[in-house]
Structure formats: C-alpha cells, structure tokens
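Colleague: In full-length UniProt numbering, the protein residues as written are 1 to 637.
1. May I have the straight-line CA-CA distance separating residue 320 from residue 139, to the nearest angstrom?
2. According to DSSP, is residue 523 helix, strand or coil?
3. Check whether the segment 89-98 touches the segment 140-155, taking contact to mean three or more Cβ pairs, one atom from each stretch, closer than 8 Å.
4. Going by DSSP, name the residue or residues bridged to residue 154.
5. Which class does residue 587 belong to by DSSP, given the choice of helix, strand or coil?
6. Is DSSP giving residue 213 helix, strand or coil here?
7. By how many angstroms is the C-alpha of residue 365 removed from the C-alpha of residue 279?
8. In or out: residue 298 buried (at least 16 other Cβ within 10 Å) or exposed?
9. When burial is assigned at 16 or more other CB atoms within 10 Å of the CB, is residue 431 buried or exposed?
10. Quick one: complete alpha helix (DSSP H) runs, 4+ long, within the segment 416-445?
11. Going by alpha carbons, who is nearest to residue 292 out of 377, 384 and 196?
12. Determine whether the beta carbon atoms of residue 658 and residue 204 lie at a separation below 7 Å.
13. Which residues in the same chain have their Cβ closer than 8 Å to the Cβ of residue 242, if we skip the five residues on either side of it in sequence?
14. Under a three-way DSSP split, which group does residue 98 fall into?
15. Measuring CA to CA, which of 274, 388 and 399 is closest to residue 408?
16. Taking one C-beta from the segment 525-537 and one from the segment 575-587 each time, how about it: are there three or more such pairs within less than 8 Å?
17. Can you tell me which of the three DSSP states residue 41 falls into?
18. Within the chosen definition, does the segment 417-436 reach the segment 328-336 through at least 3 CB pairs nearer than 8 Å?
19. Could you tell me whether the segment 308-327 touches the segment 263-274, using the rule of 3 or more Cβ pairs below 8 Å?
20. Hey, how far is the Cα of residue 79 from the Cα of residue 187?
21. Just verifying my parser: in three-state terms, what is the DSSP assignment at residue 235?
22. How big is the Cα-Cα spacing for residue 437 and residue 461?
23. Check for me: the alpha helix (DSSP H) holding residue 203 runs from which residue to which?
24. Can residue 165 and residue 98 be called in contact, C-beta distance under 7 Å?
25. Which stretch, first to last residue, makes up the beta strand (DSSP E) that contains residue 134?
26. Taking the alpha carbon of residue 371 as the reference point, which residue from 305, 390, 288 and 442 has its own alpha carbon closest?
27. Mind pulling the beta strand (DSSP E) runs of 3 or more residues that sit fully within the segment 274-342?
28. Buried or exposed for residue 541, please, with buried defined as at least 16 other CB atoms from any protein chain shown within 10 angstroms of its CB.
Below, the structure is given as structure tokens:
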C-alpha cells in the first residue's frame, strides 16, 4: 500500500480556472472526445520514451513493450487510462497539469464566441486536451512516475476541477501514468466496456501501439486447478502506424482520424497525400492540409513542421527542416529509413538527404494544393481564406517553385465586384485582350479604397482587367513575382503608363501632341509644387479625374514603406509624380488662370485631392481646408 508524503495543495493558474469552468459546463458538444484526448496524450508519452531510450536503454526498465490500457469499474463509477510511457516527475506534474502557459490559453479564451459548438472546436486547436477529462468527471486522480526515477519518486496529482489541486509524493513501482476519472452523476454510461471499445475504434484505431482492454476467458485456475474466469488484456485497435499500412486498406475515416490525432484538431482536413518513396531514398510521408488556421500561425515560435520518425521510431514532434516556412501550415508525418536513430536538430540542419527530402515534400505539398484547387474549388476557397497570406510568402522564399506557387495564388480584380480573392493568374491570362502582353495590378490598403481609384479609369474604358491587391504582404510579394507564364506584371500606379499594343496609333499620337501642348502648364505646376513632387506630366491613365499621383520607377510605395518601417528598417524618402488630365475642365480653367495666388491655391488643392484619392495622407490638412474654403467663398460670392 502506497503512502502519501510531501503533500501540498496548490492553486490553478487563473486561466486554467476559467478553462475548467467551461469544461465542467459541457463546452464539448461531443463528450466522448475526452477519451480520444487522453489516449493521444498517452501515445505521445510512449513516443517520447521510445526516443529517449535510444540513448538510454535503461529507461525501459523491465518493461520494454509499450502499451496503453483502458479499464473501468461500473460499481465505483471510474474509468482508468494507464500507459507505460515516459511518465512525469513531481515538478513536471505541477508544471504540465497545473498551468497551461505553453498552450496559449489566453488566446484561446479571447477566441471564445459563446457558441458552444464553435467553441468546442477551439479546444484541440489550443492543445488543452487533458482538461477535457472534467467534462465527464467530477474528480481526476493522476498517478505517475518518470522513467529513470526510483519507485519512491512517484507523484499523485488530484483535483475536482475547481480552484486548486493536490500533489503528493508516492511509491509507484511501475513507470508511466495512470489517470483515474471519477464519473459525474449522469455519466455512468462511460463505465461500460462496449461503449469504451466503440470510442477507441472510432477515434484511436490508428494509434501505433496497442490500446488494451480487459477481457474474461474461462479456464483452469493455476492455484487449485478449478474452472475459473481469468481476466486478460487484448488490443482493441489496429496497433500499427497508419502511414505504414497500404493505401488500399485505409478509408477516408482512417485518414481523418489520424489527422485529428497528430494535429490535435477537431475538424476534418481539406486534403491529404500518402506516399511511399523507394529507390535512392526511402521514406514514407503522409501530409495534410488543415481546414483552418491555428491560433499561432503567425507566431515566431508557433508549432510548425512534421512529426519525424526513423524506421517507425518517433524522433521529433516538429521537424521544420522538411518543409519551407511558407508551407508551415502543412501537418503530417515523415518516416525515413535513411536517417540514423540518433538524429538531432543539428544533424537535420543540412545535408543532401535532408535537402532531397525537403525538395520532394515541398513539391508534393504544392501538388496537393493544385489538385485541391482543380477538383474541389470550394474547399480551395476555404484554404485560401485561412492560409492565403502565408502562401504568398512563397515566391520570395522558394525561387525554384515560384511559377508553381504563383499558379496557386488568388486575387481580387476589377472583373469581380464582390472583391473576393478568387481570380487565378491562369484565369486572368485566359481573359486577356488581344495584344495584351502584361498582367496589370494595383495595390492599396483596402478593396473599398482602390476599386474606384482614378488609376483604373483608362483600363475600365478599354475593358482591361486589373488585379486589386490589398493584403499587407502584396507589395512585398510583387517585388519577387515579376512574371507568370511569360507575362510580366505591371503596377498601373508606377512609372509612365505604356499600354503597348492596347493603345492605337491615333491614341499615341494624340498623347504625344497633348504632352507638347501642355509643357508650359507642366512647368508652372512644377514651380508651385516644388520638392513635393519628382515630376509633373500629362497623364495617359485618366479619363474622368483631373489629376493623380503616380509612383516614380524604383520608388517605395506608402504601403510598403509602412511595412518596412514597422519592422525597423530605414526607407529612403521617395516623391510622387503629379499627373494631370489635359481634357478635364478643371485643368483647362487652371491653364487659363493668370492670377499667381489663385493658380497656386488651385494647384495645391488638386495635389492634395490626388493624394487623398491615392490613399495617402495630406501633409498639411489645415492649409488644405483653408485653401478649399477660400475657393468656395469665391465661387459662392
């Protein structure tokens, strides 16, 4: 009989109290998921022991066969999950079960909407599965001993899921963790063998080690040789690593269940790719596209990478060396026969085997996206909403796959009034006008800001489609994405617009004549605007507006400037080009104005209005309002 020593009562972290309150009040819409979460944790503990035992075989002690056992007692209303994995020390039990600092629980609580069904789906996303035990239990007892510690260094952790937990040092001869759930009133149905077996088959059949439950067989008792009922343990799951099984044996439900296990997600993946490579390199990969973004997708230290196994031995939980950063949303497993069992992060940093596997897994991930976009466009739209901005990092990071990544990008355009990012570059090219050899685009802060931009006027007149880019990363993206399918990208707000063959000879002659005729006006405007502009010229973009600000070739846009300055980079100042529409009545009146002060005021008002239309701020709003009021007073007498 074990005796508790060094007993103490500790308080939960504040956020844990809030979380437990939600759990106890049935946040899960499907209560049976508690068993899946606890079994997954037990499987992870076995994986960790298997890895540590590579260098320290003594950790396996006298019990080298790893397994998970589930038992129940209907009379006592308990369910027990027992594993012989890595186990926990006293300090680890306090750290892992009393706080959730590593799980992003603060973000989790902020994300809660009040809708139980939706909020339930968040739990797996934030890695707080252990606490699901309190959905069905009013007390949870955890008995554990870390492999390598003495039997006297076991720990008992106990809590009713309220404000505190109790921890004590105990004798525990066997390593691993045993969790005893004392079921609430009304949850007695879970203390049933058939029900527990059904849950295991439904959620955990793919676990790569045996999940055992007690069965009874009739036989002779060894002591008195009489007929007796003898309990035995038997596996109730397949107990083989799913990725090692032939694809012909696996159903969609098998793949979906395994994804939920490794990703700690409650929703189904959008797609998966199961592949075995033989030849110069030998490895098996199982890659998944999640259906939603994790909360830490943009966190520097967020979870990313694949689960790495070597010859079916778990090595690393987040091996990020096998996929580039722009594919960090991909989840899955890679099992290699070409890496040594003592592989470490340092060994994984470089080498021909790693590089070759990374290249192949990257292509397979992109092929999976291409197939999803082609076969299931609605599912791809879901993917794009969740991960589109991450994929846009690709052209800068992965030059060799730049064309392939570009084909997967989606944009809004002037041909889509809703403003959804649904236009593929291949679709744009298919709709290009005769003689069009460029892909035209315009960047801005929001779709509402740029959909009616004066820069679009000549394109609307000619029916030419323009891509509308409003994500913060877009300006940076287009610095690396210079062409697609032989068509170069052209920013319609930059440089002196040249429509090439899309402009007739008559239009080009008229533009040249207009530029010469308005040289004097351009000179007068430059004298007024001075150092605020790099140049003043006649515009070939405008049909309705009087003036516009364009970017000089090589100049940094305001949007990119903000992005770079936010990251601490110094950006040289760049001045816009002031373009005016020689056919506009306001420009005609300005050209005819002889009063120097009135000409200056009108010029300044036009310049500030052009800045507003471009989404830029006015340097001196008070002066703008003063000039505008002065002109209004003159007009009204």
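Built from N, CA and C at the ideal position, the CB exists for glycine as well.
Modeller: Per the coordinate set shown:
1. Distance between the alpha carbons of residue 320 and residue 139: 38 Å.
2. helix
3. A contact is defined here as three or more CB-CB pairs under 8 Å, and the segment 89-98 meets this definition with respect to the segment 140-155.
4. 170
5. Shown here, residue 587 sits in a helix according to DSSP, grouped into three states.
6. strand
7. 20 Å
8. exposed
9. Residue 431 counts as exposed, since fewer than 16 other C-beta atoms from the protein chains shown sit within 10 angstroms of its C-beta.
10. 425-430
11. 384
12. This structure does not reach residue 658, given that the chain is present from 1 up to 637, and the question cannot be answered.
13. Excluding positions up to five away in sequence, the list reads 206, 208, 250, 254, 255, 258 and 286.
14. helix
15. 388
16. yes
17. Here residue 41 carries a helix assignment [DSSP, helix/strand/coil].
18. no
19. Short answer: they don't touch.
20. Cα to Cα, residue 79 sits roughly 11 Å from residue 187.
21. strand
22. 18 Å
23. 193-203
24. A contact, by the Cβ cut-off of 7 Å.
25. No beta strand (DSSP E) contains residue 134, which DSSP labels as neither H nor E.
26. 288
27. 283-289, 306-310, 313-319 and 331-336
28. Residue 541 is buried by the Cβ-count criterion.
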